[in-house]
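Convert by adding 820 to the 1-based position in the sequence shown; the result is the number in my numbering.
What follows is a single structure, written as structure tokens, with notes after it.
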Amino acid sequence: MSPRRPKLKDSGREVALFQRRALVGFLIIVVCLGVLAARFVHLQVVRHDEFATRADQNRIKLRPIPPARGLIFDRNGVLLADNTAAFRLEITPEQVRDKDVDGLLARLRDFVPLTDDDIKRYKEQRKGRRSFNSIPLRFRLSEDEVAKFAVNRWRFPGVEVVPYLTRTYPRGAEFGHVVGYVARIDEADLRDLDVTRYAGTTHIGKTGIERYYEKILHGEPGYERVEINADGRALRVLDSTPPKPGKNLFLTIDVRLQEAAEAIFEGKPGSAVAIDPRNGEVLAMVSVPSFDPNLFVNGISHVDYRSLMSSPMRPLLHRALVGGYKPGSTVKPFMGIAGLEQGIRRLDDTVFSSGEFHIPGQSRGYRDWRRGGHGRVDLVESLAQSVNTYFYSLALDMGIDRMSGYLAKFGFGARTGIDLSGESTGILPSKDWKRAMYNKPWFPGETVIAGIGQGYWVVTPVQLANATAILAARGAHHPIHLLRATQAGFSAPVEPVALAAAEPSFIVDMTNWDRVRDGMVAVVAGSTGTAARVFADAPYTAAGKTGTAQRFSRTGNEVDTRGLDAAQRHQALFVAFAPVDQPQIALALVMEYGASGSLDAAPLGRKILDTWLAPPPGTVPVAPASAAPRTHAAPAPPAPAETTR
């Protein structure tokens, strides 16, 4: 058997096979490269803007710049609310590496003192913020604290020391109620705020002028594009849009008059409001005691807050705006003009005061403050001596509905509309009011005591001052206000605020007004006036009326309760305007504890009027700006009580 011949290779076939395989491989490579190129084009060309933006977001941070809050001045340019430079500690949650915020806060305490209040407030704000927004943890760091943290900054990614402007109130408690204060934005604020407009802002006006004019004071935020590293630390600012600061405000308040009005109370609870009757400008608004608004700016401590809340003097109560008081005899001038204007009394009508007034057919007597009475008196003398009988009789003849209808023209029983939030309406008693409140009928005896400012009556000091200003302006009403002018910046002009149009006088016969004015002048200048001794040497002629809302029944000819416990004393009141011929100031003053209006309130009113009308040599009250272009729960009915001077 012959050996088998080896099979020869087919070189051509192998070459062809190799070529086919090479072509398939090449086509696969081309397809893969094509897919890669298409993907590259899709990512680098089609979606270029999207990925460029994402890259910038990793490298560039858009940081809001909060605007500088507008400053607040008095009418003469005295600073009432300022901005001062300070440092705060902020945390950006998304930049905290281990996401263990509690652990981070615990470690931070080794370098920066943190109170439980600081941590609590931080966690509350964290609930309403996005993780990329920084949240303030601690305000007003000291220089030592800033330096100590800076050395250990590398330990705390996501934590930064940030410079900012903090609100300060140079006059402290003196303007605590009027100017108010700003405080940290809380969850309730976040629900109502424009997030874009308040980007980067940590504080907002909470009370007073700060709250009412928040939109004007706040301004508009700016932004800056900042390049950051992997740790989130800022490397450089690429560009920025500056913020627009808030406007500066000039109030109608005069610091000198405000200081004088507050000082006269000597810390005793009460309130005083002074108004320019020519234009409605509030010259002073005092509520004593007050509080230091600086305590609230960066978060008041629990100890301080409990101290304010538990104080029997109630320093947080804005007495001028929401304090409810019986007006007592201070309503008598308004009753007098109401009786004359409605034809219930004539100019020469008199009433005999025997010391006790009786409603026909009733045995119950309503007393005058002087035992035995004042004899026969007309309107002028009844105002001068504060004779109750005249006004008992007038009220009974007028009736409660006509009385409340006319006195409403002076603003009683309604908000004055002053530019502050939270004003009380007070109570102007009427049949409808009592029916709505208690579902009970009205009785004649309630009309009688309403005629001397007792019973269901409740007024606020600002209401009483507003009514006095209307009376001083002969029935014309200039809406009262606290804002006098604004300024867009320190280099910008001061622009007076447009005055609201005055309401024309509702007094028909000015001889009626003259008679009431004469009676009020007799109070401070007549031989029988209840405040004549107080104003004996005044360099101006004033028109006034004392009042006492009694808490203690008369046991003798003169009622002096100053030796009693404070809660048993009367409320002493005084209203006035001066000078009589051209009134420049109308005043209402309330002392919560005092013997009577003539003994306690009138002397304080004299000091306020002296400050404005008889200032120290070289000082002159600011002229009115009228020429410039200027675009409670109801208490249970008390037992009837008489009122004194």
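Note that beta-carbon positions come from the ideal geometry of N, C-alpha and C, so glycine has one too.
- When DSSP states are grouped into helix, strand and coil, Y1043 belongs to the strand group.
- In this structure, the CA atom of D1430 is about 8 Å from the CA atom of A1358.
- Between V1102 and L1284, the CB-CB gap reaches or exceeds 8 Å.
- Within the same chain, Cβ atoms closer than 6 Å to the Cβ of G1148 are found at G1273, G1367, T1368, A1369, L1393 and T1463, the five residues on either side in sequence being excluded.
- Comparing alpha-carbon positions, the option among L1433, Y1413, A1415 and G1233 lying closest to L1407 turns out to be L1433.
- DSSP, reduced to helix, strand and coil, places Y1033 outside both helices and strands of the structure shown, so it counts as coil.
- Contact between the segment 1158-1165 and the segment 1211-1224 is present: 3 or more CB-CB pairs across the two stretches fall below 8 Å.
- The beta carbon of W1262 lies closer than 7 Å to those of I1220, K1251 and K1254 in the same chain, with the five residues before and after it left out.
- Linking H1138 to S1311 through their CA atoms gives a straight-line distance of about 35 Å.
- Listed in chain order, the non-local C-beta contacts of G1346 below 7 Å within the same chain comprise A1204 and A1352, local neighbours out to five positions each way being set aside.
- Taking all protein chains in view, the Cβ of W974 is surrounded by fewer than 16 other Cβ atoms within 10 Å, so the residue is classified as exposed.
- The beta-carbon separation of K881 and I1095, rounded to 52 Å, does not stay under the 8 Å limit for a contact.
- Here DSSP, grouped into helix, strand and coil, assigns V1336 to helix.
- Between K1035 and A1003, the CB-CB gap reaches or exceeds 8 Å.
- Taking 8 Å as the cut-off, the beta carbon of F959 is found no closer than this to the beta carbon of T988.
- For F893, the number of other beta carbons within 10 angstroms of its own is at least 16, and it is reported as buried.
- Burial check for T1150: the Cβ neighbour count within 10 Å reaches 16 or more, so the residue is buried.
- Bridge pairing for Q1307: N1068 and V1314 [DSSP].
- Rounded to the nearest whole angstrom, the CA to CA distance from P1062 to Y1018 is 15 Å.
- Between F907 and K968 the beta-carbon gap is near 12 Å, outside 8 Å, which marks them as no contact.
- Secondary structure of I1084 (DSSP, three-state): coil.
- In this structure, the CA atom of G1020 is about 22 Å from the CA atom of I1029.
- Going by C-alpha positions, V1314 is about 35 Å away from L961.
- Boundaries cannot be given for E994, as no beta strand (DSSP E) includes it and DSSP labels it neither H nor E.
- Residue nearest to V1057 within the set N1332, R883 and H1301 is R883 (criterion: CA-CA distance).
- The segment 1110-1124 and the segment 1169-1176 do not touch, with fewer than 3 CB-CB distances between them shorter than 8 Å.
- Counting only unbroken stretches of 3 or more residues, the beta strand (DSSP E) elements lying wholly within the segment 1383-1425 are 1390-1398 and 1405-1414, in sequence order.
- Runs of the alpha helix (DSSP H) spanning 4 or more residues and lying entirely within the segment 1235-1289 occur at 1251-1258 and 1264-1270, in chain order.
- Looking at I911, K943 and V1341, the one whose alpha-carbon comes closest to that of D1401 is V1341.
- Membership of N1114 in the alpha helix (DSSP H) is indicated by the continuous run N1114 to V1117.
- Here the alpha carbon of P1135 sits roughly 21 Å from the alpha carbon of D1239.
- Secondary structure note for T904: its beta strand (DSSP E) is the uninterrupted segment L899 to I911.
- Looking at F1326, V979 and P1132, the one whose alpha-carbon comes closest to that of P956 is V979.
- The C-beta separation of R889 from G1039 comes to about 7 Å, placing the pair in contact by the 8 Å criterion.
- Uninterrupted alpha helix (DSSP H) stretches at least 4 residues long and entirely within the segment 1094-1182 occur at 1114-1117, 1122-1130, 1139-1142 and 1152-1161, given in chain order.
- In the displayed model, A1356 falls within coil according to three-state DSSP, outside both helix and strand.
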